[in-house]
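Yeah, the sequence shown ends on 577 if you go by numbering that gives the first Met the number 0, and it's all consecutive. Using N, Cα and C, we set each Cβ at its ideal position, and we do this for glycine too. Remarks on the structure that follows.
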Amino acid sequence: MKKIFMLSFANIRKSKGQTVSLFIMFLVAGFLLNAGLLVFINFGNFFEKITDELNTSDAYHIIGMNLYNEEVDRYIRNNHNVLEMEKFDSLYAWASIPYNGDTRELAFLLNDGDLERNLSKWKLIGEYLPTDSMSIYVPYVLNVDGGYELNDEFEMKIDDTIIEFTIKGFTEDGFFSSVDTGVLGLYMPHETYEKVREILGDSYKGTVVFTNLIKNDKSLETGIRELIEQDNMMTRSVLSIDLPIIQLSRTMMASMTAAMIVVFSAIVASVCLIVIRFKINNNIEEDMMKIGSLKAIGYTSRQIIYSIALQFLLIAFAGSIGGISISYFTIPIYSLIFESQSGLHWVQGFDGIISGITLSIILLAVVMVTLISAARIRRLHPIIALRGGIITHNFRKNYLPLHKSKRNLTIVLAFKSMFQNMKQSIMIGIILIAVSFSSTFAVIMFYNSAIDTKAFNEIPGVELSNVMAVLNDDADTDQLVKKIRNLDGVRKVQFIDETMVKIDDNDTLTYVMEDYSKKETDIIYEGRYPIHINEVVISGHLAEMLQKNIEDNITLKNGEREVEFIITGLSQGINRGL
0 MKKIFMLSFA NIRKSKGQTV SLFIMFLVAG FLLNAGLLVF INFGNFFEKI TDELNTSDAY
60 HIIGMNLYNE EVDRYIRNNH NVLEMEKFDS LYAWASIPYN GDTRELAFLL NDGDLERNLS
120 KWKLIGEYLP TDSMSIYVPY VLNVDGGYEL NDEFEMKIDD TIIEFTIKGF TEDGFFSSVD
180 TGVLGLYMPH ETYEKVREIL GDSYKGTVVF TNLIKNDKSL ETGIRELIEQ DNMMTRSVLS
240 IDLPIIQLSR TMMASMTAAM IVVFSAIVAS VCLIVIRFKI NNNIEEDMMK IGSLKAIGYT
300 SRQIIYSIAL QFLLIAFAGS IGGISISYFT IPIYSLIFES QSGLHWVQGF DGIISGITLS
360 IILLAVVMVT LISAARIRRL HPIIALRGGI ITHNFRKNYL PLHKSKRNLT IVLAFKSMFQ
420 NMKQSIMIGI ILIAVSFSST FAVIMFYNSA IDTKAFNEIP GVELSNVMAV LNDDADTDQL
480 VKKIRNLDGV RKVQFIDETM VKIDDNDTLT YVMEDYSKKE TDIIYEGRYP IHINEVVISG
540 HLAEMLQKNI EDNITLKNGE REVEFIITGL SQGINRGL
């Protein structure tokens with residue numbers, strides 16, 4: 000064993016420049032792989048830990064406009080798909096608030112924080128202050144992304160009513176803590192809640208129902224809508240979202256980023272392994288007489304091979320340990336980025352299992368490559384190795400004889416060397432391809448995340464616009480759209496109609512446009528937008544639920560009318576309808 004270590008350290012001292020370059024590459028590979036695995040595995044699991052801690056239900060239903068009655072209550076309690084339910088009164092309203100130096104309109108659920116819950120609880124994050132008159136607890140996302148701090152004034156403009164609160168803490172819950180999930184939950188003392196209820200009146204009153212389900216489908220939501228359905232306006236006062244959709248919305252960006260980091264680390268690690276193989280083959284050719292001398296004085300082939308493997312194993316170990324250590328210092332940066340989108344306050348400590356997996360993957364790959372590449376040493380006889388082998392003899396046909404060439408000798412010699420060392424040429428080509436891909440990937444990621452963010456902004460699937468107006472059903476939409484289009488400073492106006500249809504007895508939110516080519520946001524990830532009257536695009540989530548794909552037929556029902564459509568595309572985003 001001592002001889003093996005002596006040979007390994009001698010090889011390292013002999014090639015210090017190569018050792019440093021490989022160390023840096025393994026440092027980067029270890030850093031990226033460990034960071035990617037930490038985010039991919041632990042961030043998604045962190046959301047599940049939060050929902051388990053807060054006993055978050057499988058779904059929630061917000062029923063507004065005082066439509067919750069005894070009939071609806073009996074239907075939910077006696078539904079065969081409901082394991083457990085809990086309801087409480089709340090206030091549901093759209094409000095404009097100052098948001099990070101701008102104004103933003105969001106949907107809010109104003110809750111009595113003194114009410115105890117068994118399902119879908121909430122908790123305070125970090126420091127908080129004692130409550131006083133008009134105190135409020137707001138989601139943590141308003142701290143990291145909205146720019147709010149403790150004791151800041153929180154002003155809500157609901158229609159023509161302005162209500163001012165003082166922020167006393169920041170909250171976390173499973174459903175209502177991210178701007179990407181549709182609704183933000185606000186919690187306040189009972190006295191403050193009663194004051195707000197008196198100010199707003201009964202028109203904003205709503206009932207929130209949390210349900211645990213046997214089967215995660217939309218049958219309960221469909222039944223609730225059927226009970227309260229009087230017209231389309233009434234059915235829009237019911238909002239139902241299940242936990243998998245919330246989890247997808249809050250963790251999708253982090254999972255995508257982590258997957259890209261892991262892929263990038265795999266590319267860097269692959270380049271390292273190719274360099275190692277190239278270096279071993281080159282060393283065997285150049286140091287053949289040295290290998291023969293070692294065998295002649297008593298070293299076995301196994302000892303020589305193990306010394307080469309140990310040489311690169313030590314470099315990979317040192318670089319990977321350094322990269323893994325650095326990754327833990329950068330995780331808070333990732334956490335801060337993800338917090339602004341997900342609203343999750345993720346604090347990652349040392350994870351020995353993931354770090355062990357990262358180190359094991361890199362070291363096992365290095366051991367396999369080095370042992371395979373150095374295996375040809377076993378076939379070298381000491382006498383042949385001392386003579387330099389037979390590399391000076393070439394038994395192949397000479398396709399580029401220099402003495403007969405009429406072309407530039409430099410070019411011909413370059414091609415001759417490339418063809419004579421075809422394996423090395425292929426390895427160099429693979430390295431250049433991998434490095435070019437990695438560099439291009441990094442530049443594109445930086446450009447889309449820091450300079451032109453439109454591509455990332457389109458991921459949630461929401462149409463990008465500066466202003467959104469919701470029109471009453473009885474309004475003359477054509478005239479209103481025409482007036483808005485003629486206003487100064489208006490570049491484009493889009494009218495998107497919204498209605499509810501049934502698919503296999505499931506109520507589904509549907510959007511309708513005359514010309515989808517005018518959309519600002521392209522949310523189709525497979526197929527195309529509808530062109531003909533019998534075509535439709537459905538969300539990928541809905542397609543998975545219905546086990547449908549492009550070119551399949553789907554039947555939409557609205558009232559008593561049923562129409563069959565052809566699926567032409569699958570869309571992405573937080574909306575799961577058509």
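Check	Outcome
8 Å Cβ cutoff, F153 in contact with chain C	Going by chain labels, chain C is absent from the structure shown, which holds only one protein chain.
Segments assigned alpha helix (DSSP H), at least 4 residues, entirely inside the region 196-222	none
Cross-strand partners of F164 (DSSP beta bridge)	F153
Candidates E193, I303, Y298, of which the one nearest I578 by Cα	No information on residue 578 is available, as it lies outside the stretch 0 to 577 that the chain covers here.
Beta-carbon separation (whole angstroms), V182 vs F107, contact threshold 8 Å	7 Å
Check whether V178 and Y59 have beta carbons under 8 Å apart	no
Outcome for A413 when other beta-carbon atoms lying within 10 angstroms are tallied against a minimum of 16	exposed
M467 in three-state terms, based on DSSP	coil
Contact under 8 Å by Cβ, E497 with Y510	yes
Where the beta strand (DSSP E) containing I537 begins and where it ends	534-538
Distance CB(F42)-CB(A258) smaller than 8 Å	no
Entirely enclosed beta strand (DSSP E) segments - the region 479-547, minimum 3 residues	496-502, 505-511, 523-526, 534-538
Pick from L185, N80, G321 that is closest to T357, judged by C-alpha positions	G321
W121 - partner residues in DSSP beta bridges	D172
Beta strand (DSSP E) segment containing R406, residue limits	No beta strand (DSSP E) holds R406; DSSP gives it neither H nor E.
Secondary structure of G29, DSSP reduced to three states	helix
N110 - partner residues in DSSP beta bridges	Y186
Cα-Cα separation, E52 to W121	9 Å
Extent of the continuous alpha helix (DSSP H) to which S354 belongs	351-372
Cβ separation of I553 and F564, assumed to be a contact under 8 Å, to the nearest whole Å	5 Å
Rounded separation between N215 and S437 - CA only	41 Å
When M512, I523, I522 are compared against H531, the one with the closest alpha-carbon	M512
Residue from T299, L569, D101, S334 with nearest C-alpha to G348	S334
When N117, N68, N80, Y147 are compared against G100, the one with the closest alpha-carbon	Y147
Bounding residues of the beta strand (DSSP E) (the contiguous stretch that carries S579)	What is shown of the chain runs 0 to 577, which leaves residue 579 out entirely.
CB contact flag (F46, T250, <8 Å)	yes
Limits of the alpha helix (DSSP H) - the one that N142 falls within	140-143
Span separating the alpha-carbon of I502 from that of L66	24 Å
Cβ-based burial, H189 [other Cβ within 10 Å; buried from 16]	exposed
Near the ligand SAH: S254 beta-carbon under 7 Å from a heavy atom	The ligand SAH is absent from the structure shown, which contains no ligands of any kind.
Which of helix, strand or coil DSSP assigns to N557	strand
Pair within 8 Å by beta-carbon distance, A433 and I279	no
Sub-8 Å separation of I75 and T206 beta-carbons	no
C-beta atoms of G526 and G318 nearer than 8 Å	no
Y305 - DSSP class collapsed to helix/strand/coil	helix
Among I352, S14, E152, K1, nearest to I40 - alpha-carbon criterion	I352
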